[in-house]
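**Student:**
In my numbering, the protein residues as written are 408 to 879.
This is the structure in structure tokens:
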């Protein structure tokens, strides 16, 4: 099989972000356009988020709000009704269905593309990028180097960070699961084993559901600093129009305005409609906050925001409630202090319960890191290190991702926007805050696809004076 070496647009990452962008590029391209999508895993489309095989893992957003296209809000609903005819817009369907939908988008957009519009799926891992005279050289960990007129980083969420405590030998043992999303991560856990889950957000929820599918009956402890579970979606709640208040300059002012909006709701309305109504303006509100205020938000209010903004389906909440009533699931608020390995495969975890000065201990057989994606940019990816060290990119002010202009072009070490390097999704979180869910990423994908087509059409073809060599 021959792989062409040169492309107009090369997208790094074949998960949801990369798939949504490529679909937009192919969907509306009127003329010649050569696109490559590079993904290190064998399966392209679902990525980590939507490749789960567990039927109990549901979308956290109803079907009616998960279309891939901002201008066609019922696209996913129509697709679902072809496979499950009774699907309603408010249903929370299995997450694997959305993975299948993303795969179908790639196939359909590839088949329906205009003449001269080409998509190539390349399996590989990009290790480094370099730029010269308007051309980006893309180095793969194994295989030929590629070249592109524009490269988009669609890397998705990072793996969880290691727990910041003394592991006492735990982290090197089979008793520790660094990421519950890793292949066969739970296979060593027997149904009768006791387990400690560190974190009580949506990752913990999915892990509990996975264990429940395996008929787990041993005690499950879930520990986080606040002990807060995600709030629950309420059927029939529709987003309010975005609040009409001046952009607050502090987190205190922001939450004062939000509280006033909620208190002013008509009788029978729900706070959820105000939180959901913020989606179109969240990025502008976030950017309006000074960096010190953003840092205070991350320290003091992030957990409160996350549990209200990123909610779980009512059926999922019912399952967790049943497990708590059965004495299987126990949720604790406290600060993890460290671990000690005991004899015969047991682990002692030390924690300081919230509001007290003494330590509590948990004796368990397994510890699972459920803290969610690493948001501190300590991802350890060679590609990102290469970009930072070469000056082709720089961290955002909060260290959550990369600095970009408003349209997703990377800012270099001097703060200048690149003409050839772009990103979307989680790597923009530091500057947009809400940049990890499909409703936000699909808007970024549509805007970035339009920008790329426009700028490439207006720019001289950097390959025109070069010979094109297919690589075997």
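Quick reminder that beta carbons are idealized off the backbone N, C-alpha and C, glycines included.
Since this is a predicted model, take the numbers as computed values, not measurements.
1) Taking the alpha-carbon of residue 638 as reference, which of 542, 837, 607 has the nearest alpha-carbon?
2) With DSSP as the reference, identify every bridge partner of residue 414, one or two as the case may be.
3) Taking only the alpha-carbon atoms, compute the straight-line gap between residue 688 and residue 704 and give it to the nearest angstrom.
4) For residue 460, does the count of other Cβ atoms within 10 angstroms reach 16, so buried, or fall short, so exposed?
5) Between the beta-carbon of residue 640 and the beta-carbon of residue 721, is there less than 8 Å?
6) Ignoring anything shorter than 3 residues or poking outside the region 703-791, list the beta strand (DSSP E) runs there in chain order.
7) I'd like the list of long-range same chain contacts for residue 489, defined as Cβ closer than 6 Å, with 5 residues on each side in sequence excluded.
8) Could I get the ranges of all uninterrupted beta strand (DSSP E) runs contained in the region 414-478, with 3 residues as the minimum, in chain order?
9) Quick one: grab the DSSP three-state call for residue 628.
10) On a CA-only basis, which of 636, 567, 581, 426 is nearest residue 748? Give me that one, please.
11) Per DSSP, residue 614 forms a beta bridge with which residues?
12) Going along the chain, which residues of its own chain have a beta-carbon closer than 7 Å to the beta-carbon of residue 645, five neighbours each way excluded?
13) Taking 8 Å as the threshold, find out whether the region 812-832 comes into contact with the region 557-565 through three or more Cβ pairs.
14) Please list, in chain order, all residues of the same chain as residue 884 whose beta carbon is under 7 Å from its beta carbon, the five residues on each side excluded.
15) Could you pull the DSSP bridge partners for residue 501 from this structure?
16) Can you confirm whether the region 525-539 touches the region 443-459 when touching is taken to mean that 3 or more C-beta pairs between the two stretches lie within less than 8 Å?
17) Consult DSSP for residue 849 and reduce its assignment to one of helix, strand or coil.
18) Does the region 512-529 come close enough to the region 458-473 to have 3 or more Cβ pairs within less than 8 Å?
19) Please tell me whether residue 855 and residue 814 are closer than 8 Å, where the distance is taken between their beta carbons.
20) Note down, in chain order, each residue of its chain lying with its Cβ closer than 6 Å to the Cβ of residue 670, except the 5 sequence neighbours on either side.
21) Shortest alpha-carbon distance to residue 466 belongs to which of 718, 824, 764?
**Tutor:** If we stick to the structure as given:
1) Measuring from the Cα of residue 638, the nearest candidate turns out to be 607.
2) For residue 414, which the question treats as bridged, DSSP gives the partners 555.
3) The straight-line gap from Cα to Cα measures roughly 17 Å.
4) Residue 460 should be labelled exposed.
5) Taking 8 Å as the Cβ cut-off, residue 640 and residue 721 qualify as a contacting pair.
6) Considered as a whole, the region 703-791 harbours 736-748, 754-760, 767-771, 773-776 as its complete beta strand (DSSP E) runs of no fewer than 3 residues, in chain order.
7) The answer is none, since no qualifying residue turns up.
8) You should have 440-446.
9) In this structure, residue 628 counts as strand in the three-state DSSP scheme.
10) Comparing alpha-carbon positions, the option among 636, 567, 581, 426 lying closest to residue 748 turns out to be 581.
11) DSSP, once it has assigned bridges, lists no residue as partnering residue 614.
12) Hits under 7 Å: 680.
13) A contact exists between the region 812-832 and the region 557-565.
14) Given that the chain is displayed from residue 408 to residue 879, the structure contains no residue 884 and the question cannot be resolved.
15) Answer by DSSP bridge pairing, in chain order: 465.
16) In short, these stretches touch, since the Cβ pair count reaches three.
17) Helix, per DSSP.
18) With the cut-off at 8 Å, the region 512-529 and the region 458-473 do not touch.
19) Yes, these two residues count as a Cβ contact at 8 Å.
20) Counting only Cβ-Cβ distances below 6 Å, and skipping sequence neighbours, we find nothing.
21) Just measuring C-alpha positions, the residue of 718, 824, 764 sitting nearest residue 466 is 718.
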